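Heads up: the structure comes next, in structure tokens.
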Amino acid sequence: MEKKKPGFTLIEMIIALALTVTILGIAGSMLVTGNKVFSDSDIRSTLQIEGQAIQEKISDIGMQAFSVESCKYGSLDIKNKNYNSDDIVSKLVNIKGEFSENREWIDVSQISFKSSRNNSEYDSSTDAITNTETIPISYDKNLKKLSIDSEVISEKVESIRIRPGNINDGNSTINEADSIEFNIVLSKKKAFSNVTYPIDFTIKFRNK
Numbered sequence: 001m002e003k004k005k006p007g008f009t010l011i012e013m014i015i016a017l018a019l020t021v022t023i024l025g026i027a028g029s030m031l032v033t034g035n036k037v038f039s040d041s042d043i044r045s046t047l048q049i050e051g052q053a054i055q056e057k058i059s060d061i062g063m064q065a066f067s068v069e070s071c072k073y074g075s076l077d078i079k080n081k082n083y084n085s086d087d088i089v090s091k092l093v094n095i096k097g098e099f100s101e102n103r104e105w106i107d108v109s110q111i112s113f114k115s116s117r118n119n120s121e122y123d124s125s126t127d128a129i130t131n132t133e134t135i136p137i138s139y140d141k142n143l144k145k146l147s148i149d150s151e152v153i154s155e156k157v158e159s160i161r162i163r164p165g166n167i168n169d170g171n172s173t174i175n176e177a178d179s180i181e182f183n184i185v186l187s188k189k190k191a192f193s194n195v196t197y198p199i200d201f202t203i204k205f206r207n208k
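With the numbering used here, the residue at position 7 of the sequence shown is 7, and numbering never jumps.
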């Protein structure tokens, strides 16, 4: 009687191939997930450091400032427009930038602060502070670029919104606010990662 030669049957080969593909798929998925977690963590750490630097720079400006010199939405200066005006109402959004309820935030392309210097003095005869400077904070949405004066401090800015402290007083203006809350969202894409990091802080005019 002829003996059968040892070897794999077709079914055994299919099963072995299926198991190999499954194991490789699981290993690949774990590798991708691990890389994404590591990448997300690395990007978030970078954005956190950059966000902290932005917050410190703007807060320092606010401590020396005593008024808003200009506040622009596109090319429109809305500094002296009251919150009930059509120019403001049509631009109010919520914290996510949506036109829904609780719209108390304004997208801005530039906000400038009038600030004192080391040699600034109060002139009682004119009731004004002398030797002041204007410090603009500008945002280019297309380039995601945020600049203070002429210095670029970030190129990862997804959005910048402000909430004046007197926003609930419809007849008031941004120029009359004694504080401005900032919401700045940083974002960065890298490989499988797409991370956003929000910064929320308030500046109160010390010299208001």
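Ideal Cβ placement from N, Cα and C applies to all residues, glycine included. Quick caveat, the model's predicted, so the values are computed rather than measured.
If one requires a minimum length of 3 residues, the beta strand (DSSP E) runs lying completely within the region 57-108 are 65-73, 105-107, in chain order. Beyond the five residues adjoining it in sequence on each side, asparagine 102 comes within less than 7 Å, by CB distance, of Asn94 in the same chain, given in chain order. Serine 150 is classed as exposed because its beta carbon has fewer than 16 other beta carbons within 10 Å across all chains shown.
Rounded to the nearest whole angstrom, the CA to CA distance from proline 136 to aspartate 200 is 19 Å. Membership of arginine 163 in the beta strand (DSSP E) is indicated by the continuous run 157-164. Three or more beta-carbon pairs drawn from the region 145-160 and the region 48-68 are found closer than 8 Å, and the two stretches are therefore classed as touching. If you check the CB distance, serine 159 and isoleucine 184 come in under 9 Å. Beyond the five residues adjoining it in sequence on each side, serine 39 comes within less than 7 Å, by CB distance, of Lys190, Ala191, Phe192, Ser193 in the same chain, given in chain order. In the three-state scheme derived from DSSP, where H, G and I count as helix and E and B as strand, isoleucine 167 is classed as coil. Valine 108 counts as buried, since no fewer than 16 other beta carbons sit within 10 angstroms of its beta carbon.
With respect to the 9 Å criterion, isoleucine 162 and serine 59 are not classified as neighbours on the basis of their beta carbons.
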